[in-house]
Amino acid sequence: MIDITKLKTFVAVADLGSFSKASEILYITQPAVTQQIKALEKMVGVYL
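Going by our numbering, the sequence shown opens with residue 21, and the numbers climb by one from there.
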């Protein structure tokens, strides 16, 4: 099952075009954004 937090992180990165900008908006660190995106990629089996 896809975690809604990871999906929100993905949407923020897609909308803003930047991991660092998404981290600022979501109030999490940039490495946390990277980790969430990698986990989502693993779940869906494709490179995002």
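A virtual CB, placed ideally from N, CA and C, is assigned to each residue, including glycine. Please read all numbers here as calculations on a predicted model, not as lab measurements.
V33 counts as buried, since at least 16 other C-beta atoms from the protein chains shown sit within 10 angstroms of its C-beta. L68 sits away from K26, with the two beta carbons spaced by 8 Å or more. Under the three-state reduction of DSSP output, S40 falls in the helix class.
Assigned with DSSP and collapsed to three states, V66 falls in coil, not helix or strand.
Taking the Cα positions, V66 is about 10 Å away from K58.
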